[in-house]
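Engineer: Read in order, the letters of the sequence shown correspond to residues 539 to 1235 in the numbering used here.
We put the beta carbon where it would ideally sit given N, CA and C, even for glycine.
Note that the structure is predicted; figures quoted are calculated from it, not measured.
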Amino acid sequence: MEAVISVEDILLSLAITIALYWLVYKFGSQQSTKNIDIKNRRHIDVLYDPEDDPDHPKRATVDIVAVHGLGSNVDTTWTWRPDQPGESVHWLKDNHMLRSKIPTARILAFNYDSTWISNAPKTRLELCGEELIRSLHDFRQNKDRPIVFVAHSFGGLVVQDGLIFAQSEKEFEYILRSTAGFVSLGTPFRGTGINWVADLAASVMRFCGSHRGILTLLVYDSPQLRDKAQRLGRLRKTFPLPMLCFFELFQTTFISLPFQLNFFKAIVVDEASACVSGDERLHLQTDHIKLNKYSGPEDRSYLSVSAEIVKMCKNVATIVNRQNARNDHLPTGHWMVPFERNESFVGRQEVLDGLLERIIPVSVQDACQTTVIEGLGGIGKTQIALEAAFLVRKSNPTCPVFWVPALDVVGFQKAYIGIAECLGIQVPAGDNAGALAHVKTALSSLDAGEWLLIVDNADNPALMFKSDCLASHLPSSCSGSILFTTRTSEITSRLDVPSAGIFAISAMSKQESKTLMGTKLSKTQMASTDSLEALLEILAYHPLAMRQAAAYMQETKTTPARYLQHCQASDESFLKLLTKDFEDKSRRHGPPYSTLVENAVAKTWLISFKHVLSINPLSGKILQFVCFLSEKDIPLSILPPAHDAVELDEAIGVLQSYAFITLRENEQLLDMHRLVRLAIRNWLEETGRFNTIDRCG
539 MEAVISVEDI LLSLAITIAL YWLVYKFGSQ QSTKNIDIKN RRHIDVLYDP EDDPDHPKRA
599 TVDIVAVHGL GSNVDTTWTW RPDQPGESVH WLKDNHMLRS KIPTARILAF NYDSTWISNA
659 PKTRLELCGE ELIRSLHDFR QNKDRPIVFV AHSFGGLVVQ DGLIFAQSEK EFEYILRSTA
719 GFVSLGTPFR GTGINWVADL AASVMRFCGS HRGILTLLVY DSPQLRDKAQ RLGRLRKTFP
779 LPMLCFFELF QTTFISLPFQ LNFFKAIVVD EASACVSGDE RLHLQTDHIK LNKYSGPEDR
839 SYLSVSAEIV KMCKNVATIV NRQNARNDHL PTGHWMVPFE RNESFVGRQE VLDGLLERII
899 PVSVQDACQT TVIEGLGGIG KTQIALEAAF LVRKSNPTCP VFWVPALDVV GFQKAYIGIA
959 ECLGIQVPAG DNAGALAHVK TALSSLDAGE WLLIVDNADN PALMFKSDCL ASHLPSSCSG
1019 SILFTTRTSE ITSRLDVPSA GIFAISAMSK QESKTLMGTK LSKTQMASTD SLEALLEILA
1079 YHPLAMRQAA AYMQETKTTP ARYLQHCQAS DESFLKLLTK DFEDKSRRHG PPYSTLVENA
1139 VAKTWLISFK HVLSINPLSG KILQFVCFLS EKDIPLSILP PAHDAVELDE AIGVLQSYAF
1199 ITLRENEQLL DMHRLVRLAI RNWLEETGRF NTIDRCG
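#1: Is DSSP giving K1061 helix, strand or coil here?
#2: Use the C-beta contact count for T790: other C-beta atoms within 10 angstroms, 16 or more gives buried, fewer gives exposed.
#3: Near W1143, which residues of its chain fall below 7 Å by C-beta distance, leaving aside the five closest residues on each side in sequence?
#4: For a quick check, are the C-beta atoms of D994 and A944 less than 8 Å apart?
#5: On the DSSP bridge assignment, give the partners of T1067 in chain order.
#6: Thinking C-alpha only, which one of N611, T599, S638, E912 is nearest N649?
#7: With DSSP collapsed to three states, give me the class of G916.
#8: Measuring straight from C-alpha to C-alpha, what distance separates R662 and V686?
#9: Which whole-angstrom value describes the C-beta separation of L782 and D817, a residue pair presumed to lie in contact below a C-beta threshold of 8 Å?
#10: Using the Cβ count rule (16 or more neighbours within 10 Å means buried), how would you classify P999?
#11: Throw me the rounded Cβ distance for the T1097 and S1051 pair, which I believe falls under 8 Å.
#12: Pull the bridge partners of M635 from the DSSP assignment, please.
#13: Could you give the distance in angstroms between the alpha-carbon of D1182 and the alpha-carbon of I1160?
#14: Find out if the Cβ-Cβ distance for the pair S638, H581 is shorter than 8 Å.
#15: Less than 8 Å separating the beta-carbons of F1112 and G892?
#16: If contact is defined by three or more beta carbon pairs under 8 Å, each pair taking one atom from either stretch, is the stretch 1145-1155 in contact with the stretch 1184-1204?
#17: Look at the alpha carbon of I805 and the alpha carbon of E786, and state the distance between them as a whole number of angstroms.
#18: Which value, in whole angstroms, describes the spacing of the CA atoms of S1014 and A1087?
#19: Excluding five sequence neighbours on each side, which residues of the same chain lie with their C-beta closer than 8 Å to the C-beta of L1012?
#20: Taking Q951 as the reference, which of T936, N970, K681, V965 has the closest Cα?
#21: For the alpha helix (DSSP H) holding D676, just list the boundary residues, first then last.
#22: Buried or exposed: Q698, going by 16 or more other Cβ atoms within 10 Å of its Cβ?
#23: Is the separation between the beta-carbon of T725 and that of A767 shorter than 8 Å?
#24: For chain B, check one thing: does any of its Cβ atoms lie closer than 8 Å to the Cβ of D591?
#25: Mind checking which residues open and close the alpha helix (DSSP H) that includes W1221?
#26: Skipping 5 residues on each side, what residues in its chain have a beta carbon closer than 7 Å to that of T730?
#27: Under 8 Å, with one C-beta from each stretch per pair, do the stretch 1053-1069 and the stretch 1024-1035 reach the 3-pair mark?
#28: Among all the DSSP beta bridges, which residues are the ones paired with K803?
#29: Cutting at 6 Å between CB atoms, please list the residues of its own chain near L1070, excluding the five before and the five after it.
#30: Bridge partners for G719 per DSSP, in chain order?
#31: Give me the Cα-Cα distance between H872 and C851, rounded to the nearest whole angstrom.
#32: Below 8 Å on the Cβ atoms is my contact criterion, and I expect E846 with T1030 to pass it. Report the Cβ-Cβ distance as a whole number of Å.
#33: With DSSP as the reference, label F565 as helix, strand or coil.
#34: Going by the CB atoms, is the gap between G607 and S716 shorter than 8 Å?
#35: Can you tell me whether DSSP reads Y1090 as helix, strand or coil?
#36: From I917 to E664, what distance separates their C-alpha atoms?
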């Protein structure tokens, strides 16, 4: 049967062609500029990050990823009336819109070139989906953070293809397992009945660089789209992610003429195409173009869409845990780490990036990889190592990870016995020496494969390196990697770690510190910004000191301003706060470990003080002397006398290795850490040395 083309169809096509020529003439230069911008900009734009919130910084708990539709301008597609600055509303970005409903959500926009009418890239849907997944993989540092996708029109097909691609590639499957929701705004899962209009336009505009490749896919009920929808359905049987589909009720006007004469109107994506069988579907009282544009917080469509996004974000942890539980059949390596993941961990991204380049087994060939995290007690070394361990597990689930505390021999031996049990090594009861030898031999064998061993709190040089030392029981394999945490650079030096493997940890940045406090304090407590910033400065941006202060304020409902007053009242009242112990499960070892770790800041350095006194008496004298002075600009000339310059250099070197002091560049002045100074004075008083110390050396 031959198709009959009516006069009306011919007139309609002619009118559309004329309108398209006019659009290219009027907007062609703008379209070209937009293409250039897209090609030169990053793939992911951050529209809102709660960690960067100047008023109430907090840790992001979910990533909302917005994906725009075909031919959209990525800068205006989510905006109501973008051409009228005073009235425009960007519902993903403006502070009174979505971010106010989900304050802990980081909101991202995926940039891809969806141009088709002029200067169009010769791409296809599969490449767009792959680009989405690869871009998220490269951009997201926290691989465990759940994702909720929000996609308009063709963007939903990009998300669909991205999820299918992620399932097919082991490297990216974690993104699929982290996906906790998908909100679709008019996605043509079965195509559109008006694709012929766009196809005609693309044919007419070939001289402007149009490309029909993507458009041919959008034929209603096309076999390709049916196949993709079927693959998505099979995928969701394995990864049951929630999905909600919105569809339009009103026709979209494509050509408007004067006197409200609308030449061409149509439903772009009907209900049957916009909704996936078996999933919840909701209608919006709008047309296709306005499915993702809302006039304000009371907009009817916005209330419906935002409510569903909020619901998904509230359930992200449950969904992701369920996803991972259904995939327990995946092979995993031994995991012997005595801590849960620290939900309050923030910042240190540059350090983590560097660590992951070093500690992944076999990242360096022909040698057992050795890496050290060093820094002052309580500065966050263990927490950084813990976060790195979880990141290694995420990126390489089959790699065994073992955690060994090195504070004392007993804890070290218990950990090795636990490793022996994991490896199936039979060790007679009480044969601790046998456990040490067997584990070392087993992990040193090439047959053991890849492994990561974390030796935490390797702070005592005598324990690590003297007779029957702990270091002698460490395995060595080209397929293995050992990560140490230590308070002293002497350990690092004696381990002969290359400079590329040394990560010296200093205080947190001001922004990181505020974000850390935001994970512990209430909004009311965080509201007094000036007092909080002054308090953080007094606490020297020291992580343990800040956690201790936050714990006290949580327990007593004290404001930062009040806590600051206590700190400023006198050294005695400040010391009283610094010596208060507090519960911190992130520093509490679980079974089979029994190592006791001090949480109070003023007490956490006691073991280091004792080490200093035992290995270098002059260092001890200097430490006890300078604690009575100001912590800044202390001349070397007033220090307790040494026999010669070499002895003085050695004594100062010991104190520097523990990060107790910092020598100025001119090497004639030194600074002492503020909290260390107070802690030493407290220790002298508690041990009865306060009144007997020879202050003149």
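Structural biologist: Let me spell this out:
#1: Secondary structure at K1061: helix, using DSSP grouped into helix, strand and coil.
#2: Label assigned to T790: buried.
#3: Contacts found: G915, V1214, A1217.
#4: A944 sits close to D994, with the two beta carbons spaced by under 8 Å.
#5: Per the DSSP secondary-structure output, T1067 pairs with nothing in a beta bridge.
#6: In terms of Cα proximity to N649, the closest of N611, T599, S638, E912 is N611.
#7: Reduced to three states, the DSSP call for G916 is coil.
#8: Approximately 24 Å between the Cα atoms of the pair.
#9: So it is a contact: roughly 7 Å between Cβ atoms.
#10: So P999 ends up on the buried side.
#11: The C-beta separation of T1097 from S1051 comes to about 17 Å, leaving the pair out of contact by the 8 Å criterion.
#12: Residue pairing by DSSP leaves M635 without any beta bridge partner.
#13: Cα to Cα, the separation comes out at about 15 Å.
#14: It is not a contact, given that the beta carbons lie outside the stated cut-off.
#15: The beta carbons of F1112 and G892 sit no closer together than 8 Å.
#16: Counting Cβ pairs under 8 Å, three or more are found: they touch.
#17: Distance from the CA of I805 to the CA of E786, rounded to the nearest whole angstrom, comes to 8 Å.
#18: Taken atom to atom, the span from the alpha-carbon of S1014 to that of A1087 is near 41 Å.
#19: Same-chain partners within the cutoff: K978, L991, V993, I1020.
#20: Q951 has its Cα closest to that of N970, out of T936, N970, K681, V965.
#21: Where D676 is concerned, the enclosing alpha helix (DSSP H) stretches over 663-677.
#22: By the beta-carbon neighbour count (other beta carbons within 10 angstroms, threshold 16), Q698 is buried.
#23: Remark: C-beta atoms of T725 and A767 do not approach each other more closely than 8 Å.
#24: No chain B appears in this structure, which consists of one protein chain only.
#25: Residues 1212-1224.
#26: L756, Y758, V806, V807, S811, listed in sequence order.
#27: Short answer: they don't touch.
#28: Answer by DSSP bridge pairing, in chain order: T791.
#29: Excluding sequence neighbours, L1070 sits near P1098.
#30: Answer is V686.
#31: Approximately 32 Å between the Cα atoms of the pair.
#32: Wrong, their Cβ atoms sit about 52 Å apart, outside the cutoff.
#33: Per-residue confidence for F565 stands at a pLDDT of 39, beneath the threshold of 50, marking its modelled position as unreliable; no derived number is given.
#34: For S716 and G607, no; Cβs fall outside 8 Å.
#35: Y1090 falls in the helix class under three-state DSSP.
#36: The alpha-carbon atoms of I917 and E664 are separated by roughly 46 Å.
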